[in-house]
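These notes are about the structure you will find just below.
There are 2 protein chains.
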Amino acid sequence: MEIRRLRYFLAVAEELHFGRAAARLDIAQPPLSRQVALLESEIGAELFDRSRSQIRLTQAGSVLREHAQRLLEQLDEAIEQTRSIGSGRAGRLRVGFSDCASFGPLPELTHAYRTRFPDVDLVLTPYGATTLARALIRGEIDLAVSRQSLADEAFRVEHLCLEPLVAAMPCRFAGEGRQLASLSLLSDWPLIVYLNPGAGQENDPILALCRSEGFDPVQCIGAPDMRAALGLVAMGAGVTLVPSSAGAACLPQVVLRPYAGRNPQVALSVGVRRDNCAPQVRQFLELCRREARSEPARPAMALLA
Amino acid sequence: MEIRRLRYFLAVAEELHFGRAAARLDIAQPPLSRQVALLESEIGAELFDRSRSQIRLTQAGSVLREHAQRLLEQLDEAIEQTRSIGSGRAGRLRVGFSDCASFGPLPELTHAYRTRFPDVDLVLTPYGATTLARALIRGEIDLAVSRQSLADEAFRVEHLCLEPLVAAMPCRFAGEGRQLASLSLLSDWPLIVYLNPGAGQENDPILALCRSEGFDPVQCIGAPDMRAALGLVAMGAGVTLVPSSAGAACLPQVVLRPYAGRNPQVALSVGVRRDNCAPQVRQFLELCRREARSEPARPAMALLA
DNA sequence: GCAATTGATACTCCAAGAGTATCAATCAGG
DNA sequence: CCTGATTGATACTCTTGGAGTATCAATTGC
């Protein structure tokens, strides 16, 4: 059974005239007659009553016509839907993000993507820092957005943006100035670290930064994520460093202060499995790159305005 | 788009292995790869992720697989249904009958047909004597069963059975004997005629029979159908002649009496348009012929037993 | 690093579909 | 009742496209 025969049959069933049907199909009449006859012998049923000059559908032909019409419509629809998904206009995109990625450009990016691709089902799932990479490896998500490094052979990682770090400290610790003259001014308070909760605190990049600035904090407190770290700061437990965009989620008891000196420009990065070449992924990443170009990282001072 | 490509694609989607899929389809692997590639370029979407040694379905492929599976099932079902109707195992058969055809072999015939072809929707519609032939001409029914003659160039007519006529008279008119010595014994009572209500009474075959037996009834009363005629007999309005099988519908005030002499053996006939070669019609008529052979008309005396 | 597996490619061959010419049957009109 | 027109079927040829064989390239597992 070939679709062509159904199409030919349907044309004849609608025109009830081999000549007109052939013209509509843009073929000659004899092959049309032949194909319909082949269809009839294939099914084993007369589809047309040719006893008069005006042909008519038999019962069997009438039923087949309805089926054929429905089938061809469904086929077109299936192809169109498949094409949409293949082009990235439709389908599904699963983005996992670690908690501290909620701040920064991700909300705007997802909004832009949804606006550009309203028929894609964008599934956003928060993950803990340790489970995000695993979800990406297992294929539970297509994209992983995180501030942690997603270094893995199987991943391709792009930076969404680079943000300077700023000091987060309780209001009552904070001095007058808008900017800390040096990061070492924080050395008297406990340092709250949170970036790699899975790994040991000793490897934390914030702690490493402090050491490179020439001091060791009096104490090091681990927190599972940035939000928890800011909570600890609000409670006066210590100080920490956060990306400047974290200001959006800052608690009233906390002030953010840029500081002079070396600033490692913490990155928000997006990871994707190298073997994932889904158009939805590709287009999301392209959108990321465009946004990154058009909207450079806000200067650290902006959040104090 | 050709069905073959969908079948090939589905095989690969299920096996996730071109070699095994090709073996299942009983073709070589290269043409299978080619056809799948052609399907992909036709749709304009990658259907398989071939980046690893183990191929996988893409989103688009996964969606197309579901559609293809459903479509192919529906196609098979459509063909099977069409085939059933074309063979006469399923479909619809519209039988019209005039009232007086309810008596005689029609009930048993329809029952036998329904038993033999349970999937055919047998539509039985009663018609008045005048509307039956019109319905057949218009194609509103496939078969017309009637005791009237359905003579028309466009019809093919077969006799279902021949039945002797018997006299129907009110109990109080009836004499002692089980059989009338002669039809002319009825000459003193009004004759009720009903066979051709559309045509004039003068052409009624019952009246003609009486005349050929050598008498004119004292009066001639028209009735629209046999049931009405028997009602008139029950009310003592006169006498009539009915097919012997009418005993089944006889009222208690009426007795049926065979009579000696010429009996025109009224026929129950079935008419069909010559251009109607539907298998349901053909098989119904074949059933009629078989029944007619296996069950000859009951002798008139039987109904008195 | 090498052998094995697996899908893609190049090329040939054949079958099936499409075109041309023509026939047969039906129907309308004189 | 005959004739011409219409319409679908048939015979034959040609071309397109699908299938087979041989082979290559890439990936994977030992």
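Order-wise, the sequence lines are chains A and B.
Quick note on the working numbering: the first sequence kicks off at 1 and runs consecutively.
Quick note on the working numbering: the second sequence kicks off at 306 and runs consecutively.
Built from N, CA and C at the ideal position, the CB exists for glycine as well.
These numbers come from a predicted model, not from an experiment.
- Within the model, the alpha-carbon separation for D204 (chain A) versus T82 (chain A) is close to 46 Å.
- Judged by pairs of C-beta atoms under 8 Å, the stretch 123 to 140 of chain A does not touch the stretch 83 to 91 of chain A, as fewer than three such pairs exist.
- Distances from the alpha-carbon of L143 (chain A) to those of A:A101, A:L232, A:Q69 put A:A101 closest.
- The continuous beta strand (DSSP E) containing C525 (chain B) extends over residues 525 to 527.
- The CB of A45 (chain A) comes closer than 9 Å to the CB of T387, R388, S389, I390, G391, S392, P584 in chain B, given here in chain order.
- Taking 8 Å as the threshold, the shortest C-beta distance from V368 (chain B) to chain A falls below it.
- By a beta-carbon distance limit of 8 Å, C250 (chain A) contacts L230 (chain A). Their separation comes to about 7 Å.
- In the structure shown, G19 (chain A) falls within a helical segment according to DSSP collapsed to helix, strand and coil.
- Boundaries of the beta strand (DSSP E) around M169 (chain A): 165 to 170.
- With a contact defined as Cβ atoms closer than 8 Å, S149 (chain A) and A129 (chain A) miss out at about 11 Å.
- With respect to the 8 Å criterion, A167 (chain A) and R257 (chain A) are classified as neighbours on the basis of their beta carbons.
- Boundaries of the beta strand (DSSP E) harbouring L93 (chain A): 90 to 98, taken from the DSSP string.
- Here A174 (chain A) carries a coil assignment [DSSP, helix/strand/coil].
- Membership of G61 (chain A) in the alpha helix (DSSP H) is indicated by the continuous run 59 to 87.
- Interface criterion not met: the Cβ of D152 (chain A) is under 8 Å from no Cβ in chain B.
- CA-to-CA, the gap between A278 (chain A) and L369 (chain B) works out to about 15 Å.
- By the neighbour-count criterion, in which 16 or more other beta carbons inside 10 Å mark a residue as buried, V428 (chain B) falls on the exposed side.
- Look at D121 (chain A): its C-beta is not under 8 Å from any C-beta on chain B.
- In the DSSP assignment, V577 (chain B) falls within the beta strand (DSSP E) that extends over 571 to 578.
- Neighbourhood of M1 (chain A) in chain B, by CB distance below 7 Å: I308, L380, I384, in chain order.
- With respect to chain A, the C-beta atom of H372 (chain B) has a partner C-beta closer than 8 Å.
- In terms of CA proximity to S182 (chain A), A:G261 leads the group A:V95, A:A208, A:G261, A:L39.
- Taking C-beta atoms under 8 Å as the contact rule, V157 (chain A) and G271 (chain A) qualify, at a distance of about 5 Å.
- For Y499 (chain B), the three-state secondary structure derived from DSSP is coil.
- Residue burial is scored here from C-beta neighbours: C161 (chain A) has at least 16 other C-beta atoms within 10 angstroms and is therefore classed as buried.
- The stretch 42 to 53 of chain A and the stretch 579 to 594 of chain B touch, with three or more beta-carbon pairs separated by less than 8 Å.
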